[in-house]
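Engineer:
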Amino acid sequence: MNGLSAKPGARAGMLLVGLALAVLPLLVGATIGNSWVRILDFALLYVMLALGLNIVVGFAGLLDLGYIAFYAVGAYLYAIISSPHLATAFPAVFAAAPGWPVWLILPLGALLAGSFGVLLGAPTLKLRGDYLAIVTLGFGEIIRIFLNNLNAPLNITNGPQGINNIAPAQVAGLSLGRPVELFGLQLPSVTLHYYFFLALTLLVIFVCVRLQDSRLGRAWVAIREDEVAARACGINTRNVKLLAFGLGATFGGVAGGLFAGFQGFVSPESFGLLESVMVLCMVVLGGMGHIPGVILGAVLLSLLPEVLRWGAAPLQQLLFGKVLIDPESLRLLLFGVALVLVMRFRPAGLWPSALRRRELDAHEAAPGDAA
Amino acid sequence: MLQVRGLEVHYGGICAVRGVDLDVAAGEKVALIGANGAGKTSALKAIARMLPARGTVRLDGADIADAPPHSLVGQGLALVPEGRGVFARLSVRENLEMGAYVRTDRAAIADDIERVFSLLPRLRERAGQTAGTLSGGEQQMLAIGRALMSRPRLLLLDEPSMGLSPIMVATVFEVIRTVAQEGVTLLLVEQNARLALSLCDRGYVMESGEITLNAPSAELLDNPAVRSAYLGE
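Below, the structure is given as structure tokens:
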């Protein structure tokens, strides 16, 4: 990827972007309020989710409609370990919340979600396209229904009520749940979470870029293009597919853990089909398989509904003198229209991969090679 | 080099390949001809382990019937699949690099790409183009070039003439002939019997899943039954 090259211009640009990302929550918090910093936090979580799903859908070409299940697995693992739930449900075994440090829970959540990814991948190895989509959709629903019903006979997930009182993440002995005073600057909890999420998002982006350029990345492209030919090239299609499911799920698990610690509460209804579809839309709308495009898609689709929610009522007041349509329903309508328009006019996504253009340029530049 | 005994392929209740015995010696060019639906492609796919099958397949004496398909490339067997199967959205060069997926010797891979380009100059012209934009003949050349990138000793070709114009077929077969001259052993599945037999040393005729004839090409070309059934005389 160009973003990681050491060209001086690119480096200066990255420094500027980094600076802007660092100042952003302070600026947003001071001007339009901390509720918008919270929205930025969620945007970062969605970037991680979209990048994870992009490995499965964009790189390996396996349509997954149940991706949010991995987010749920990560979130519930964090919730169960970091809340008094276990102590309440099994007082004989647990005296208090295990309360493991975040650097232990997040990798554990990633590992668990990754295993679930392989678990989903294994029986679906021979499926493609619509059939795979249906099985993954079913898988997502199964996980959600399990979360809804695993409160009896053993109360593991606390059922539909969800799990409450989840402790916020502790990073280097610092609780992200309490505001911090730094150089006379008051940093609220949402801003602290922002920096934590940003750091992890950057790590996820780095891992994605490295994966894309790796041998495994090329194998994913090959099975996406033609599975028989991929096998004929000596690619172990089974393992490569399982790795796509597993690694993609891993990112979902991390994002889920972060979500649980940030929100302080998880319940099965946060992990419905609509959420899976939303993340898929981010990947497709941004530009499947293209990391910057997927990031753009995730940021846009997580901010757009909030902007619509915020702007719809005042705008109607201004235009018609009264609120004609409830902003909440208008939000989904406009969202749908935006999706249709993008797919009509930019079918490859808002920011598709420049691969093709580069290839054509290379072809134009080398006509002297003609034999 | 290749020794096949009692090969059987079933699709549900239908038996597509029954008791096929087949031998290919090192350096030999062998054709497997037959009508549409005779089971040629199924047999070839079963040899390359792309289909579940019964029977024994030995490559240089080693039984490969239980080997996973992707491992065969490392043992010197390469398949040019039916319908070419190029990676449409990758460039020609990237397709060739993918053919060397199992290899790690980067410098030698670059040399081999050059070798493929000099064997198939048309691919050099198109090196940066995506494979999906190539003509059918060029895609067939790319599929062969990609298979060569794994430095195979035995090349399995499935209907390389399919869907190509006569002039393109001649070009593609010229390429295959050159590949064979460089010491690669060939097993060629082909509907165009005259073409296949004029290229190969020996031919197997397949009918309804069974081998009915096995003889040197010249003999088959003279055989009245073959002439009337497959050569249109």
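Chains F and V supply the protein sequences, listed in that same order.
Going by my numbering, the first sequence opens with residue 1, and the numbers climb by one from there.
Going by my numbering, the second sequence opens with residue 372, and the numbers climb by one from there.
Ideal placement from N, C-alpha and C gives every residue a C-beta, glycine not left out.
F/H129: which of F/G99, F/A60, F/F197, F/A169 sits nearest, CA to CA?
Structural biologist: The amino acid occupying residue 129 of chain F in the given sequence is Gly; His does not appear at that position. Nearest C-alpha to F/G129: F/A60.
Engineer: Tell me where the beta strand (DSSP E) around V/V401 begins and ends.
Structural biologist: Start and end: 400 to 405.
Engineer: V/P605 CB to nearest chain F CB: under 9 Å?
Structural biologist: Outside the displayed range of chain V (372 to 604) lies residue 605 of chain V, so it cannot be described from this structure.
Engineer: So, under 8 Å CB-CB, F/P179 and F/Q186 are touching, yes? Tell me the CB distance rounded to an integer number of Å.
Structural biologist: Sure, about 6 Å apart at Cβ, within 8 Å.
Engineer: Give the straight-line distance between the Cα atoms of F/Y372 and V/L519, rounded to the nearest whole angstrom.
Structural biologist: Here chain F comprises residues numbered 1 to 371, so residue 372 of chain F is not present and cannot be evaluated.
Engineer: Could you check what DSSP says for V/M512 in three-state terms: helix, strand or coil?
Structural biologist: Residue state, collapsed to three classes: helix.
Engineer: Going by C-alpha to C-alpha distance, which of V/M469, V/L448, V/V473, V/V597 sits closest to V/G456?
Structural biologist: Answer by Cα proximity: V/M469.
Engineer: Do we get a CB-CB distance below 9 Å when we pair V/P423 with the residues of chain F?
Structural biologist: V/P423 does not count as touching chain F.
Engineer: On the criterion of 16 or more Cβ atoms from any shown chain inside 10 Å, does V/G377 qualify as buried, or is it exposed?
Structural biologist: Exposed: under 16 other Cβ atoms inside 10 Å.
Engineer: Under 9 Å, Cβ to Cβ, is there at least one residue of chain V near F/A231?
Structural biologist: For the sequence presented, residue 231 of chain F should be read as Arg rather than Ala. Chain V, which has a Cβ nearer than 9 Å to the Cβ of F/R231, makes this yes.
Engineer: The beta strand (DSSP E) that contains V/T556, what's its start and end?
Structural biologist: Looking at the DSSP string, the run of the beta strand (DSSP E) that includes V/T556 is 556 to 561.
Engineer: Less than 9 Å between the C-beta atoms of V/F544 and V/L570, yes or no?
Structural biologist: Their beta carbons are under 9 Å apart, which means V/F544 touches V/L570 by this criterion.
Engineer: Grab the span of the alpha helix (DSSP H) containing F/G63 for me, first residue to last.
Structural biologist: The sequence given here has Leu at residue 63 of chain F, not Gly. Looking at the DSSP string, F/L63 is not in any alpha helix (DSSP H), and its letter there is neither H nor E.
Engineer: Verify the CB distance criterion: does V/R460 have a CB-CB separation below 9 Å to chain F?
Structural biologist: Judged by the 9 Å Cβ criterion, V/R460 is in contact with chain F.
Engineer: Taking buried to mean at least 16 other C-beta atoms within 10 Å of its own C-beta, is V/L415 buried or exposed?
Structural biologist: With 16 or more other Cβ atoms within 10 Å, it is buried.
Engineer: Is V/S588 close to chain F? Criterion is C-beta to C-beta, closer than 9 Å.
Structural biologist: By this cut-off, V/S588 is not an interface position.
Engineer: So, at 6 Å on beta carbons, what are the nonlocal neighbours of V/L584 in its own chain, with the 5 sequence-adjacent residues on each side left out?
Structural biologist: Closer than 6 Å at Cβ, skipping near neighbours: V576.
Engineer: Just checking, does the region 295 to 310 of chain F make contact with the region 61 to 74 of chain F on the three C-beta pairs under 8 Å criterion?
Structural biologist: Segments in contact, no.
Engineer: Are the C-beta atoms of F/E275 and some chain V residue less than 9 Å apart?
Structural biologist: Not closer than 9 Å to any Cβ of chain V, the Cβ of F/E275 fails to qualify, so no.
Engineer: How far does the beta strand (DSSP E) with V/R376 in it reach, from first residue to last?
Structural biologist: Start and end: 373 to 382.
Engineer: Once DSSP output is grouped into helix, strand and coil, what is the label at V/G574?
Structural biologist: Reduced to three states, the DSSP call for V/G574 is strand.
Engineer: Tell me the DSSP secondary structure of V/T475 in three-state form.
Structural biologist: Correct three-state label for V/T475: coil.
Engineer: Closer than 7 Å, Cβ to any Cβ of chain F: which residues of the region 378 to 404 of chain V, in chain order?
Structural biologist: If the cut-off is 7 Å between Cβ atoms, the region 378 to 404 of chain V has nothing near chain F.
Engineer: Take the Cβ of V/G405 as the centre, count every other Cβ of all protein chains shown within 10 Å, and call the residue buried at 16 or more, exposed below.
Structural biologist: V/G405 should be labelled buried.
Engineer: Taking the Cβ atom as the reference point for each residue, do V/L526 and V/V555 lie within a distance shorter than 9 Å?
Structural biologist: Cβ distance < 9 Å, so V/L526 and V/V555 count as in contact.
Engineer: Look at F/A249 and F/G162 and say whether their C-beta atoms are less than 9 Å apart.
Structural biologist: No. Outside cutoff.
Engineer: Tell me which residues share the same chain as F/L45 and place their Cβ nearer than 7 Å to its Cβ, disregarding the 5 neighbours each side in the sequence.
Structural biologist: Cβ neighbours of F/L45 beyond the five flanking positions: F197, A255, L258, F259.
Engineer: Counting only the same chain and skipping the five closest in sequence on each side, list residues whose C-beta sits under 8 Å from that of F/T191.
Structural biologist: P25, L26, G29, N34, V37, listed in sequence order.
Engineer: Consult DSSP for F/I295 and reduce its assignment to one of helix, strand or coil.
Structural biologist: Helix.
Engineer: For F/V294, is the classification buried or exposed, using 16 other Cβ atoms within 10 angstroms of its Cβ as the cut-off for buried?
Structural biologist: Counting Cβ neighbours within 10 Å, F/V294 comes out buried, since at least 16 surround it.
Engineer: What's the call for V/D482, buried or exposed, on a 16-neighbour Cβ count within 10 Å?
Structural biologist: By the neighbour-count rule (16 or more Cβ atoms within 10 Å), V/D482 is not buried but exposed.
Engineer: Any beta carbon from chain F within less than 9 Å of V/P531's own beta carbon?
Structural biologist: No, no contact with chain F.
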